[in-house]
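Asker: Chains as they are written, first to last, in my numbering: chain A, 453 to 712; chain B, 220 to 507.
Glycine included, every Cβ here is placed at the ideal spot set by N, Cα and C.
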Amino acid sequence: MGNFFVKKRVQSLLVISLLLLVSYGSILITEFDVIAGLNSIPNAITWGISNFYPTMESLEKLPSILEKLQETVLISIAAASVAAIFAIVFAIIGSKTTRMNGVLSTFSRGIATLFRNIDVAAWSMILLFSFGQSSLTGYFALFFVSFGFLTRAFMETIDEVGVGSVEALTSTGASYTSTIIHSVIPSCIPQIISWVLFMIETNIRSATLVGILTGTGIGFSFDLFYKSLNYNAASLVVLTIVVTILTIEFISNYVRRVIL
Amino acid sequence: MRVGEYSKVDHTESFQLNSLNKRIKIKRINKATITIRLTMIMLILLTIYGFLTFDYKNINLFDGILMTLTNLKVMFLEAHFVHFTFPEAIYQSLVTMGLALLTTLIGAFIALILALFAAQNLSTARVSNSIKGFVAFIRAVPTVLWVLIFAVAAGLGSVAAVIGMTFHSIGYLIKAYSESFEELDEGVIEALRGSGASWWQIVFQAVIPSSLTYLISWTFLRFEINFGVAIAMGAAAGAGGIGFDMFMASSFYLDLREVGTITYFILFFAVLLEIIATRIKSKLQIKL
């Protein structure tokens, strides 16, 4: 018994020292100044209280901010919804339960991995070459990432939910397409919607970043005010983003509670 | 469901059935199916409305897609090094990895402590709700905005990036951790409390050990996210690493082929992380 506790203690000590070592290594390689970092927190708070709040003057910019915000929200929704349609097809081809053959399955999994693992920032910079500073750059960046993520999520959903019903229908001699249409998709639809709603939330967060990098949408408004040192207007942009994300979180939590 | 409502629903359903050549009735319409349909219709309408109102700036969709395909071909098939060498690219990728590691570890440590006070079964309702409300606000502000806000006080660079990313990681992990704590069986806590165990003893002997697998897999998930965020912060906030090189190659040198090289590096590390994550998850499941 004593041995057990000693072993356990040694083990946790080892893990903790390993983590500390890794942190120290990371601090060295990233040239992170710990003292400056700790100092910046109270500094940022004092600065935030004294400068980072919307004023009457910045409220005049509200209509143009809201217009950009609407564009961003619509891009996020459109990217997630269209990506979901493609993702359903790829997930059905790729999932272990519903795949037609191994080659296609591996192919579709590979595509999903490729799209998911290239970061949204990388996509937006790649797409900037072809679409320039238009909404389409942001749209396709979010679309590709959503597509990769949703394909993976849907595959897991199908594997989780669909097995029993697929087996039952296959044994009655139902064809492949009717199994998919009448069993797999209906039984997965609540999960699928839940994932799409999650993706929309994520997309709005990423859209801000994509906007800063590509000069579109709400991210561009923030960047513009931030770089021209108009922090009051920038804080108004942050506030509208917060309100939007909290609202969408509230709606999707409600929908999830009802359908799941 | 009330009687009147029922017959009405039944009527619409039989109408639909007629149009479907009288198939067997397999699904009742209830609140869930109505919500599903409404959500789907809303999503479709908003998507169509979105496409109609986008700011296309005279860019032809199909030309753009064709150009993207050509660009992707050039990027991946003709990738080359101009502004940096292979060892430098490895080093910069490790910097990005370091950013992700550091922010995840600091974030996980602070979140672990705060999550104990945010979990409803370990804390009082008032403390729990106030932490959760505050954390919801932190999460609603995108990471890049936190980084840029901290950058005003600390200057653009790794300091602002680490603090801002840590801030958001804490917000994310507190939610994840406290939810795993709340899933703990109430009986265990009660039994320990009954035997006279102190709050810290309950936490370290029961709560953390029994939710450890969840904690690890959430932390690793956040690590993967932070790797992506670290790339983005390198580009948007000058935090260094492979993301900064990518930003320079794409926006400053306009060198598509070099962007391709960097994408290969990012892809390699991201896939590596995913493989490790899958391994860890399957190992944890065996232990369970």
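1. Count the other C-beta atoms from every protein chain shown that fall within 10 angstroms of the C-beta of S233 of chain B, then say buried if there are 16 or more, exposed otherwise.
2. May I ask you to report which of helix, strand or coil DSSP gives L579 of chain A?
3. Using the beta-carbon count (16 or more within 10 Å), is E477 of chain B buried or exposed?
4. Looking only at its chain, what residues have a beta carbon closer than 6 Å to the beta carbon of M220 of chain B, apart from the 5 residues adjacent to it on each side?
5. Could you list which residues in chain B have their beta carbon closer than 9 Å to that of Y505 of chain A, in chain order?
6. Mind reading off the beta-carbon distance from G460 of chain B to V314 of chain B? Whole number of angstroms is fine, and I expect it under 8 Å.
7. Alpha helix (DSSP H) containing Q420 of chain B: first to last residue?
8. Give the interface partners of P642 of chain A over in chain B, defined as CB-CB distance under 8 Å, in chain order.
9. In terms of residues, what are the limits of the alpha helix (DSSP H) holding E439 of chain B?
10. Could you tell me which whole alpha helix (DSSP H) segments of length 4 or greater appear in the stretch 236–307 of chain B?
11. Between the alpha carbons of L318 of chain B and G669 of chain A, how many angstroms are there, rounded?
12. Tell me whether R551 of chain A sits in a helix, a strand or coil according to DSSP, three-state version.
13. Leaving out five residues before and five after E701 of chain A in sequence, what residues of the same chain have Cβ atoms less than 7 Å from its Cβ?
14. What does N512 of chain B reach in chain A if we use C-beta pairs closer than 8 Å?
15. For G625 of chain A, decide whether its Cβ has a neighbour in chain B, counting only Cβ atoms nearer than 7 Å.
16. Are the CB atoms of A564 of chain A and G614 of chain A within a distance shorter than 7 Å?
17. Per DSSP, what kind of secondary structure is D404 of chain B in: helix, strand or coil?
18. I want to see whether chain A comes within less than 7 Å of T497 of chain B, judged by CB atoms only; does it?
19. By DSSP, does P515 of chain A sit in helix, in strand, or in coil?
20. Find the residues of chain B that neighbour E608 of chain A, judging by a C-beta separation of less than 7 Å, and give them in chain order.
21. Which value, in whole angstroms, describes the spacing of the CA atoms of S656 of chain A and L712 of chain A?
22. Quick one, which of A:G554, A:I644, A:Q585 has its alpha-carbon nearest G663 of chain A's?
23. In terms of alpha-carbon separation, which member of A:F581, A:L649, A:S673 lies closest to V293 of chain B?
24. May I ask you to verify whether the stretch 399–410 of chain B touches the stretch 482–492 of chain B, counting CB pairs closer than 8 Å and requiring at least 3?
25. Considering only the alpha carbon of each residue, which of A:V690, A:L579, A:S704, A:V710 lies closest to G500 of chain A?
26. What residue range is occupied by the uninterrupted alpha helix (DSSP H) comprising V695 of chain A?
27. Go ahead and pull the three-state DSSP assignment for T482 of chain A.
28. Please state if the CB of A338 of chain B and the CB of F400 of chain B are separated by a distance shorter than 7 Å.
29. Just checking: is the beta-carbon of F281 of chain B within a distance shorter than 7 Å of some beta-carbon in chain A?
30. For the stretch 260–272 of chain B against the stretch 528–538 of chain A, are there 3 or more C-beta pairs whose distance is under 8 Å?
31. For R561 of chain A, return the contacting residues in chain B, with the cut-off set at a CB-CB distance below 9 Å.
32. Let's see if you can read the secondary structure: which residues bound the alpha helix (DSSP H) around Y472 of chain B?
33. Under 7 Å between beta-carbons, which chain B residues line up against R461 of chain A? List them in chain order, please.
34. Which residue from B:E409, B:F353, B:H302 puts its Cα closest to that of F336 of chain B?
35. Within the same chain, show all residues whose beta-carbon is closer than 7 Å to that of A573 of chain A, passing over the 5 residues directly before and after it, in chain order.
36. Where in the stretch 565–609 of chain A do unbroken runs of the alpha helix (DSSP H), each at least 4 residues long, occur, reported from the N-terminal end onward?
Answerer: Judging by the given coordinates:
1. With a pLDDT of only 48 at S233 of chain B, under the threshold of 50, the placement of this residue in the model should not be trusted; the figure read from the coordinates follows. The residue in question, S233 of chain B, is exposed, as its Cβ has fewer than 16 Cβ neighbours within 10 Å.
2. In the structure shown, the three-state DSSP call for L579 of chain A is helix.
3. buried
4. The predicted model places M220 of chain B with a pLDDT of 38, which falls under 50 and marks its position as unreliable; any figure quoted below should be read in that light. Around M220 of chain B: no qualifying Cβ.
5. Ordered by position in chain B, no residue passes the 9 Å Cβ test against Y505 of chain A, which lies about 12 Å from the chain.
6. 4 Å
7. 418–421
8. A251, I255
9. In the sequence as displayed, the identity of residue 439 of chain B is Phe instead of Glu. Where F439 of chain B is concerned, the enclosing alpha helix (DSSP H) stretches over 427–456.
10. 250–272, 280–296
11. Across the structure, L318 of chain B and G669 of chain A are spaced so that their CA atoms are roughly 28 Å apart.
12. It is coil, neither helix nor strand.
13. E653
14. Residue 512 of chain B cannot be examined here, being either before or after the span of chain B that is shown, 220 to 507.
15. No, G625 of chain A does not count as interfacial toward chain B.
16. no
17. coil
18. no
19. Taken through DSSP and simplified to helix, strand or coil, P515 of chain A comes out as helix.
20. Neighbours of E608 of chain A on chain B: none; closest Cβ ~12 Å, over 7 Å.
21. Just to set this straight, residue 656 of chain A is Ile in the shown sequence, not Ser. I656 of chain A and L712 of chain A have their alpha carbons spaced roughly 23 Å apart.
22. A:Q585
23. Closest option to V293 of chain B, judged by alpha-carbon separation, among A:F581, A:L649, A:S673: A:F581.
24. no
25. A:V690
26. 683–711
27. If DSSP states are grouped into helix, strand and coil, T482 of chain A belongs with the helices.
28. Annotated as proximal: F400 of chain B and A338 of chain B, with beta-carbon spacing under 7 Å.
29. no
30. The stretch 260–272 of chain B is in contact with the stretch 528–538 of chain A.
31. Here the premise fails: no neighbours, minimum Cβ distance about 12 Å.
32. Note, Y472 of chain B: premise wrong, no alpha helix (DSSP H); not H, not E.
33. In chain order: nothing, as chain B lies at least about 12 Å away.
34. B:F353
35. L661, L665
36. 572–583
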